[in-house]
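Chains as they are written, first to last, in our numbering: chain X, 1 to 329; chain L, 1001 to 1329. Quick reminder that beta carbons are idealized off the backbone N, C-alpha and C, glycines included. Report on the structure given below.
2 protein chains.
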Amino acid sequence: MRRRVREVVLARPVPDGARVEDFEIVERDLPPRTPAGMVHVRPLWLALDPYVPQALRGRHMGAPAPAPGEPLPGECVGIVLSSGVPGFAAGDHVVGHAGWAEEAIVPADRLRNVDPALGTREHLGILGMPGLTAWAGMTQLASVGPDDLVCVDAAAGSVGGTAGQIAKLYGARVAGIAGGPEKTRLVTDVYGFDSCIDYRQGGWETLIPADISLHFENVGQRVLDAVIPRLRAYGQIILCGLAQHYADGSVARLPLGLVMAKRAIVRGLIVYDFEERRDEWIAFAAPHLKEGRLVEAHDVVVGLESAAAQLVSVAGGRTIGRPLVRIAG
Amino acid sequence: MRRRVREVVLARPVPDGARVEDFEIVERDLPPRTPAGMVHVRPLWLALDPYVPQALRGRHMGAPAPAPGEPLPGECVGIVLSSGVPGFAAGDHVVGHAGWAEEAIVPADRLRNVDPALGTREHLGILGMPGLTAWAGMTQLASVGPDDLVCVDAAAGSVGGTAGQIAKLYGARVAGIAGGPEKTRLVTDVYGFDSCIDYRQGGWETLIPADISLHFENVGQRVLDAVIPRLRAYGQIILCGLAQHYADGSVARLPLGLVMAKRAIVRGLIVYDFEERRDEWIAFAAPHLKEGRLVEAHDVVVGLESAAAQLVSVAGGRTIGRPLVRIAG
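Okay, structure coming up:
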């Protein structure tokens, strides 16, 4: 039985950033049998984390931009419909890259099984790459604890929100930085940070607490320049992302004189280095998630036809919570 | 008995850097009795480490420049002639700041006793602040060991030369960077580094070994920009000094994208934080020094009247080995 499925692709290259009209929906024929080594997946949720707009521009981890018509990047959680490879079976829940598609035939090495008892879209967020990133920064590169005063930039975002919650679970005080009252309320009222600064307010820099011991940076130089003078001696900066610079193509540069004066410890975080420790993170996170001590807000649009608009919102920093597309289920 | 002694001071402020004619030798009367809390010291050796030209310009650790006529910064090792304070006695060897003077009455809190059995000028170098700096970087901020490939900028200098020798003692491979054939020969033939790159040669960047695990920086952005692409993943950069930028007033800034891509660990080193651990360093260093496994070259001028010229040479990077002034003894 041949099946026709819809998929969102680029209509043209978008080196300067995608607009809604740069996407199109195509129909593909899936083969009647799933080939060996491949898995037939029905995505349920697609996550459009902030790296996705950059990947479409060819600005993520050195990978080339997807060509027009090619499957697009973005993790999804889905159900296996049929499998041509041991280790995956119909009905399994999987996470991986399957394009922005109703259904797709995907190489098995792009997928991993997940436990549906722990959640569905949670595997894209707290239990997925954003959560693993936050955990790696807070507990593997740093070793957050009760003596820490943690500052988290992009605190309302996928990674930052979880990073601050992890720090709270370890007994630290946590201040967030986010843009606009909706986001700052999310950070304090839902994620439970001790405070959150709105960087769109004049004089926001003066509100940054002094004596920060651990700063988690996702955006770029503007916040770093304000935070470093307020760092504790031997305070640590985890560089997790430089979204501001990915977006505008500028180069983030760290003032070394201040780093020296503060004896600061600056470290780069690449989540892919921690893939093998995902189970450790999930074992820690799952009970906290179940009992509501780790939470996440979602910014959901429904249907593949809304994916392009959601992508543009992500690129513009207008989503609040983890940006998802509900595809099926 | 009143004594007249000679002392080198500034004739005028030198915000743009000192020339020889900016110094003058004055004569001072010392009081007949050493006041309570003070120590009467006869300096034997004066060290003009690279921070001294910067301190004269008011560009070191936020301290103001010495005013014309005031005692000048620079550590010396000397002999106590008389003391007005318990803990110091005539004949003691001491290290501290006594100005560039034949003799001086110095507050006791600017001095510390040293063991003359371990050496004299060695207390200004390997056993002094430069050695402590090198040790703190290699063993306290980093933890150098046999798996390390260490790169040391300003390898012929006071701190760099010792840093590389410490790394060798811990079993690491060590590459130096220095300017000119005399300095590079010193680094390999006397200090025993495995190699040394002459940054005055065209294409020097291509000679930097790949896979550096620990880089010790004393100069500034130019070398850093060349080293970071050759850093091992999770490689460490110890920022010990930014001499190039102190000299020209520019701001050193590190490209954060590369720091992230390399998962680099960038740390600032301030030697004053490690004063309390000096005995630990001396206990380690003394036997190596005695048996010739830690060595240092000296660039010696004789007499206070040569101090100004030596200072200008230090500021211009023209001294080879630790810059000293032989004052007496």
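query: Could you check if Q1310(L) is buried or exposed, using at least 16 other CB atoms within 10 Å of its CB as the buried criterion?; result: buried
query: Just by C-beta distance, which residues in the segment 1262-1281 of chain L are closer than 8 Å to chain X?; result: K1262, R1263, A1264, I1265, V1266, R1267, G1268, L1269, I1270, D1273
query: Closer than 7 Å by beta-carbon distance: list the chain L residues that pair up with V259(X), in chain order.; result: L1239, V1266, G1268
query: If you check the beta carbons only, do D49(X) and V314(X) fall under 9 Å apart?; result: yes
query: Hey, would you say M1260(L) sits closer than 9 Å to G268(X), going by beta carbons?; result: yes
query: Based on Cα-Cα distance, which residue from T1034(L), M1129(L), V1052(L) lies nearest to S1083(L)?; result: T1034(L)
query: Assuming contact is defined by CB atoms lying nearer than 9 Å, are V1301(L) and A1307(L) in contact in what I supplied?; result: yes
query: Quick one, which of A1011(L), A1063(L), V1266(L) has its alpha-carbon nearest G1069(L)'s?; result: A1011(L)
query: H245(X) and L1256(L): beta carbons closer than 9 Å?; result: yes
query: Can you tell me which of the three DSSP states E296(X) falls into?; result: coil
query: So which residues on chain X does V1251(L) lean against when the C-beta distance must stay under 7 Å?; result: P255, G257
query: Under a Cβ-count criterion, where at least 16 other Cβ atoms within 10 Å of its own Cβ denotes burial, should A36(X) be classed as buried or exposed?; result: exposed
query: What residue range does the beta strand (DSSP E) around Y51(X) cover?; result: Y51(X) -> not in any beta strand (DSSP E); alpha helix (DSSP H) instead, spanning 51-56.
query: Along the segment 1294-1317 of chain L, where does the CB come closer than 7 Å to a CB of chain X? Name the residues.; result: none
query: Does DSSP classify D1109(L) as helix, strand or coil?; result: helix
query: Determine the DSSP secondary structure at S1158(L), reduced to helix, strand or coil.; result: helix
query: Quick one: which unbroken alpha helix (DSSP H) runs of 4-plus residues sit fully inside the segment 1099-1149 of chain L? Chain order, please.; result: 1129-1135
query: Report the residue ranges of all alpha helix (DSSP H) runs contained in full by the segment 1224-1289 of chain L; include only those spanning at least 4 residues, in chain order.; result: 1243-1248, 1256-1261
query: What residues match up with S83(X) in a beta bridge as DSSP calls it?; result: V39(X)
query: Quick check: T1162(L) and F1274(L), are their CB atoms within less than 9 Å of each other?; result: no
query: Report yes if the C-beta distance between Q1165(L) and G1192(L) is below 9 Å; otherwise report no.; result: yes
query: Check whether the Cβ atoms of A1297(L) and G1316(L) lie closer than 9 Å to each other.; result: no
query: By DSSP, does I177(X) sit in helix, in strand, or in coil?; result: strand
query: Determine the direct distance from the alpha carbon of F216(X) to that of R1253(L), and round the result to whole angstroms.; result: 19 Å
query: Need the endpoints of the beta strand (DSSP E) that L10(X) sits in, please.; result: 3-10
query: Does the pairing of the segment 12-32 of chain X with the segment 85-95 of chain X give three or more beta-carbon distances under 8 Å?; result: no
query: According to DSSP, which residues form a beta bridge with R1326(L)?; result: W1045(L), V1302(L)
query: Please report the residue range of the alpha helix (DSSP H) in which L1311(L) lies.; result: 1307-1315
query: Would you please verify whether the beta carbon of L1242(L) is less than 9 Å from any beta carbon of chain X?; result: yes
query: Cα separation between G1131(L) and G1179(L)?; result: 21 Å
query: M1038(L): buried (16+ other C-beta within 10 angstroms of its C-beta) or exposed?; result: buried
query: For the beta strand (DSSP E) containing H1060(L), list its first residue and its last residue.; result: First-last for H1060(L): undefined, no H or E at that position.
query: Would K183(X) pass as a contact of A226(X) if the rule is Cβ separation under 9 Å?; result: no
query: What is the DSSP secondary structure of R28(X), counted as helix, strand or coil?; result: strand
query: DSSP three-state label for E1075(L), please.; result: strand
query: Where R1059(L) and R1293(L) are concerned, what is the direct C-alpha to C-alpha distance, given to the nearest angstrom?; result: 35 Å
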